[in-house]
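Remarks on the structure that follows.
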Amino acid sequence: MLDSDKPVNRRRFFREGLRELLKPLANAIEPLHEAARQLEQMEALGTPSGSASSHPRQIPLNIALRPPGALDEQAFRQTCSRGGECVRVCPAQCIKIDPTGVRGNGAPYIDANDMPCVVCDGLHCMQVCPTGALVLTVVAEIDMGTAVWHSDTCLRTRAIETSESDRSCSLCVDKCPIGSFAIELLANQIVVKESGCIGCGVCQFECPTSPKSIVVVPKSARTG
Numbered sequence: 005m006l007d008s009d010k011p012v013n014r015r016r017f018f019r020e021g022l023r024e025l026l027k028p029l030a031n032a033i034e035p036l037h038e039a040a041r042q043l044e045q046m047e048a049l050g051t052p053s054g055s056a057s058s059h060p061r062q063i064p065l066n067i068a069l070r071p072p073g074a075l076d077e078q079a080f081r082q083t084c085s086r087g088g089e090c091v092r093v094c095p096a097q098c099i100k101i102d103p104t105g106v107r108g109n110g111a112p113y114i115d116a117n118d119m120p121c122v123v124c125d126g127l128h129c130m131q132v133c134p135t136g137a138l139v140l141t142v143v144a145e146i147d148m149g150t151a152v153w154h155s156d157t158c159l160r161t162r163a164i165e166t167s168e169s170d171r172s173c174s175l176c177v178d179k180c181p182i183g184s185f186a187i188e189l190l191a192n193q194i195v196v197k198e199s200g201c202i203g204c205g206v207c208q209f210e211c212p213t214s215p216k217s218i219v220v221v222p223k224s225a226r227t228g
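My numbering puts the first residue of the sequence shown at 5, with every later residue one more than the last.
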């Protein structure tokens with residue numbers, strides 16, 4: 005090897021070595037970029053004036069709707085083993101775990117757009133949780149979150165021209181497993197009762213509009 009080649013080879017060696025060292029850092033930063041993107045979308049999709057609520061419709065990926073009976077967010081993350089027992093026994097197959105950790109920080113979560121909690125008779129997920137991250141809770145006391153209605157896109161109340169059949173839509177009310185204790189139709193307005201809504205997400209799943217006109221805000225994202 006010529007002496008003149010040695011500095012070049014050393015530079016190449018250190019350059020390649022540095023690239024390999026930085027790979028784990030790049031992989032770690034990617035979920036942060038995704039979370040930031042979701043925050044930007046959440047701000048962009050904020051509710052226009054005239055809506056029934058000022059809550060955003062889209063929650064960042066790292067703020068999750070947890071299964072029924074979940075401890076408060078910090079305690080849930082610390083206690084959950086992420087073993088997937090709740091996922092396997094859910095009859096609705098609504099509970100998921102994202103192995104990348106982007107969705108729900110790697111712990112069980114529910115995406116009500118894909119499949120809501122149906123509040124099954126056996127409350128199976130709570131029954132099988134081995135760590136106490138999900139606590140057996142009677143249905144009336146479950147608190148996963150609270151549904152929020154957005155009148156500006158609801159078929160019943162939005163400003164754009166809508167057919168008579170659309171204006172009579174009441175799927176969110178009709179399909180709610182808790183019934184009038186949680187949600188009612190009063191004077192053509194959808195009224196969510198915070199004391200009765202358990203945040204199961206059935207109303208969000210059934211809503212036919214895009215974006216959804218009723219969205220569950222997870223309890224960890226609620227203010228006040």
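For each residue, glycine too, the CB sits at the ideal point set by N, CA and C.
Out of the options, which one is the CA nearest neighbour of residue i?
i, options, result
"G136", "I218, C204 and T83", "T83"
"G88", "P103, E77 and A79", "P103"
"G183", "A191, V139 and V196", "V196"
"C180", "G105, V93, V152 and G205", "G205"
"P222", "I101, G126 and I114", "I114"
"V132", "L75, C201 and V91", "V91"
"C211", "T157, E77 and A186", "T157"
"L75", "R162, E188, P112 and A116", "P112"
"L190", "R160, C201 and V219", "R160"
"I194", "R107, G203, D118 and V152", "V152"
"N192", "I101, G203, T141 and S174", "S174"
"I202", "E168, V142, N117 and S169", "V142"
From residue i to residue j, what distance separates their C-alpha atoms?
i, j, result
"C129", "T166", "41 Å"
"R86", "T213", "34 Å"
"A144", "C98", "20 Å"
"E198", "A79", "23 Å"
"V220", "C121", "12 Å"
"P71", "C124", "12 Å"
"P134", "L140", "12 Å"
"V93", "G126", "10 Å"
"E188", "K100", "30 Å"
"D147", "G105", "23 Å"
"F250", "D178", "An answer regarding residue 250 cannot be provided, because it is not within the stretch 5 to 228 covered by the chain."
"R107", "R162", "32 Å"
Counting C-beta neighbours from all protein chains within 10 Å, is the total for residue i 16 or more, i.e. buried, or is it exposed?
i, result
"F209", "buried"
"A48", "Caution is warranted here: a pLDDT of 37 is assigned to A48, below 50, making its placement in the model unreliable, and the coordinate value is therefore given only provisionally. Exposed: under 16 other Cβ atoms inside 10 Å."
"G73", "buried"
"R171", "exposed"
"I164", "exposed"
"S224", "buried"
Please state the DSSP three-state secondary structure of residue i.
i, result
"Q235", "Only positions 5 to 228 of the chain appear in the structure, and residue 235 is not among them; the question remains open."
"A163", "coil"
"A144", "helix"
"T150", "strand"
"A74", "strand"
"E168", "helix"
"E188", "strand"
"V91", "helix"
"V177", "helix"
"V206", "helix"
"V139", "coil"
"V221", "strand"
"V122", "coil"
"V106", "coil"
"H128", "helix"
With a threshold of 8 Å on Cβ separation, who are the neighbours of residue i within its own chain once the five nearest residues in sequence on each side are excluded?
i, result
"R226", "G149 and T150"
"N109", "N66, A68 and R81"
"I218", "A151, V152, W153, H154, C158, C176, I194, V196, C207, Q208 and C211"
"M119", "A96, Q97, C98 and F209"
Ordered along the chain, which non-local residues of its own chain (more than five positions away) have a Cβ less than 6 Å from that of residue i?
i, result
"K216", "Q208"
"S169", "none"
"E77", "S224"
Suppose the cutoff is 7 Å on Cβ atoms and the five residues either side in sequence are ignored; what does the same chain contact list for residue i look like?
i, result
"A116", "L69, G205, Q208, F209 and V220"
"G200", "I182, F185 and A186"
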